[in-house]
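Residue numbers (the working numbering): 88 to 475.
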């Protein structure tokens, strides 16, 4: 099975835009808007507060009835410090694979949907297909929230959604939720030769981080468990630590970021409350005995709701038929799908490529996966278009 040349060309075009989350995505969005405008399709842009990023929403077919949304994010993770065999912003085809940043996560899906716009239109649509392109998914599913607010206020909105994150074109009906937090440990600095007179922010941060590690170990050993996930339990992970100024100064400040990726049976707020109680009730009294102003400040960085779509939802049956599969699954990584579900739009995840290739140097998607995505879209045409 070979993918359509127009899909490969569109992947090349989209990957060429460096839409790392720290950058603007407007060049890509403007390209897509102009491309759709060439077919008489109007796009609605929803910008962020800075005006340097935007989501895009466009409808193929009638606008007075609900339809199927095809959704994906335009931003990608950085390539900084990674060793690539070729330019990450120029698609390289080798051994039946397309290499480049975003080929898998997730410009491949968006490219196929866009490349097939002329086919959708030429066959006529009785049920609309909505194209949803978002920004800043990789840094907390930030962008899609403003677009979903717009959709919620519309008199007609999508009746279901397919988020094209890489699942090897398998239908996924659930994913874990995610909460990420930043803890600022306030210590008291002094000369390191007088260390007992200070409050070492790094050392107290280390005690909290060790407590988080013990919580993670407990979840891995005691559950609860959901065997449908590849990692069948809630995970707790500390990923960033900053603190101190010089070795001979007891550090006054330390910051660390941690996340909880939770299955449905776990309440992330309860888990965060547990570690906060340990810090505030066990550690803080020790700190304030030396320096009354010492302690902890907590900040929520992001919250991504989990996804749990019922097997009897129409979109599940449709996606299974389009993919040619009788089964569904769950993924551990978070997506924008849970946010669509929160506003009453039943959503599944299905897209080309494997999450194992995402975020790595030499990220790739196989040509076979793109071909399967094209076949998926053409089966969708059979369902939503007038002519067969």
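In this text, a Cβ means the ideal position worked out from N, Cα and C, and glycines have one as well.
Spatial distance of residue i from residue j (CA atoms)
i	j	result
residue 472	residue 225	33 Å
residue 165	residue 101	16 Å
residue 270	residue 290	13 Å
residue 454	residue 199	12 Å
residue 115	residue 138	14 Å
residue 387	residue 359	10 Å
residue 427	residue 156	10 Å
residue 241	residue 414	33 Å
residue 90	residue 110	30 Å
residue 126	residue 151	19 Å
residue 206	residue 468	8 Å
residue 402	residue 214	14 Å
residue 328	residue 276	18 Å
residue 341	residue 381	12 Å
residue 409	residue 255	13 Å
Minimum C-alpha distance to residue i - residue among the options
i	options	result
residue 119	455, 345, 431 and 142	142
residue 309	322, 154 and 474	322
residue 421	394, 216, 405 and 361	394
residue 474	446, 223 and 210	210
residue 447	293, 460 and 169	169
residue 177	354, 96 and 196	96
residue 339	123, 352 and 377	377
residue 444	192, 352, 93 and 373	192
residue 407	222, 249 and 129	249
residue 396	434, 162 and 320	434
residue 354	294, 255 and 320	320
residue 367	330, 236, 278 and 298	298
residue 179	133, 456, 103 and 163	103
residue 294	134, 278 and 363	363
Anticipated Cβ contact below 8 Å, residue i with residue j, distance rounded
i	j	result
residue 313	residue 350	5 Å
residue 148	residue 245	Contact doesn't hold; Cβ gap of about 12 Å is too wide.
residue 189	residue 251	Contact doesn't hold; Cβ gap of about 12 Å is too wide.
residue 390	residue 266	5 Å
residue 172	residue 449	5 Å
residue 253	residue 442	5 Å
residue 185	residue 451	6 Å
DSSP state of residue i mapped onto helix, strand, coil
i	result
residue 404	helix
residue 229	coil
residue 173	coil
residue 346	strand
residue 120	helix
residue 361	helix
residue 416	strand
residue 375	helix
residue 295	helix
residue 193	coil
residue 302	helix
residue 207	helix
residue 369	helix
residue 126	coil
residue 388	strand
residue 188	coil
Does the region 269–289 come close enough to the region 464–472 that 3 or more CB-CB pairs lie under 8 Å? As far as the Cβ criterion goes, the region 464–472 does not touch the region 269–289, which means the pair count is below three.
Is it a yes or a no for the region 221–241 touching the region 303–313, going by three-plus beta-carbon pairs under 8 Å? Not touching, per the Cβ criterion.
Is it the case that the region 328–338 contacts the region 252–267, given that we only count it when at least three CB pairs across the two stretches are under 8 Å? Too few Cβ pairs lie closer than 8 Å, so no.
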